[in-house]
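Heads up, the thing below is written out as structure tokens.
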Amino acid sequence: MRIARADGDLVLFFPITTKQPERDRFAFEIPVIEKRRAGLDADRHLWIIMDEFNSDVIGHLFYLEPERPIGRFSKAFFLPILRKLIAVNRSPKSAAIAETAILHLSPLKRHQSLL
Numbered sequence: 001m002r003i004a005r006a007d008g009d010l011v012l013f014f015p016i017t018t019k020q021p022e023r024d025r026f027a028f029e030i031p032v033i034e035k036r037r038a039g040l041d042a043d044r045h046l047w048i049i050m051d052e053f054n055s056d057v058i059g060h061l062f063y064l065e066p067e068r069p070i071g072r073f074s075k076a077f078f079l080p081i082l083r084k085l086i087a088v089n090r091s092p093k094s095a096a097i098a099e100t101a102i103l104h105l106s107p108l109k110r111h112q113s114l115l
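Printed below as a string of structure tokens:
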């Protein structure tokens with residue numbers, strides 16, 4: 001996920017795994033349609049883990065090459081997950097990042113900025 005910021009865009013990296021997470025993990029199985037949208041293998045069970053992530057700022061990254069994305073999750077799938085992350089997260093840093101991401105992804109923000 002990429003979040004636009006004045007001091008450089010923030011990128012969040014959430015792990016995706018083929019191994020079913022333990023019940024106490026904050027994870028969601030990725031539906032087939034979302035796997036296709038994201039360019040992932042639709043025939044495999046995949047989960048996105050939301051209780052751990054890495055972050056970095058564009059321009060300070062050493063490991064990413066500027067290539068076209070292979071796909072992305074829909075807002076209809078990802079926004080509710082981010083809202084749940086805020087609701088259950090005890091880390092102020094994680095909650096603040098998730099709130100910023102929701103504002104960035106939310107169509108409501110675009111409409112408000114036009115008023």
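So that you can map any letter, position 45 of the sequence shown is 45 in UniProt numbering, and since no number is skipped, the others follow by simple counting. Note that the Cβ used here is the ideal one computed from N, Cα and C, for glycine as well.
Q: Could you name the residues of the same chain whose beta carbon sits closer than 6 Å to that of residue 15, not counting the 5 residues immediately before and after it, in chain order?
A: For the purposes of this step, residue 15 is identified with residue 15 of the sequence shown, where counting begins at 1. If we look at residue 15 and ignore the five residues flanking it on each side, its Cβ neighbours are 49.
Q | Pairwise C-alpha distance: residue 32 and residue 110 | A | Residue numbering aside, residue 110 sits at position 110 when the sequence shown is read from its first letter. Residue numbering aside, residue 32 sits at position 32 when the sequence shown is read from its first letter. Residue placement at residue 110 is flagged as unreliable, the pLDDT there being 32, under the threshold of 50; the coordinate-derived value follows with that caveat. Cα-Cα distance, rounded: 29 Å.
Q.
In the DSSP assignment, the beta strand (DSSP E) including residue 13 goes from what residue to what residue?
A. Within the sequence shown, residue 13 is the residue found at index 13, counting from 1. Residue 13 -> beta strand (DSSP E) spans 10–13.
Q: Would you mind sorting residue 113 into buried or exposed? The rule is 16 or more other CB atoms within 10 Å of its CB.
A: Position 113 of the sequence shown, counting from 1, holds the residue named residue 113. Caution applies to residue 113, whose pLDDT of 30 falls short of 50 and renders its modelled position unreliable; the model cannot decide the point.
Q) Given residue 115, which residues of its chain have a CB within under 6 Å of its CB, disregarding the five upstream and five downstream residues? A) For the purposes of this step, residue 115 is taken as residue 115 along the sequence shown, with counting starting at 1. A caution first: residue 115 carries a pLDDT of 27, below 50, which makes its placement in the model unreliable, though a value can still be read off. Excluding the 5 residues flanking it on each side, residue 115 has no same chain C-beta neighbour closer than 6 Å.
Q | Under the three-state DSSP convention, the category residue 37 falls into | A | Working through the sequence shown from its first residue, we reach residue 37 at position 37. Helix, per DSSP.
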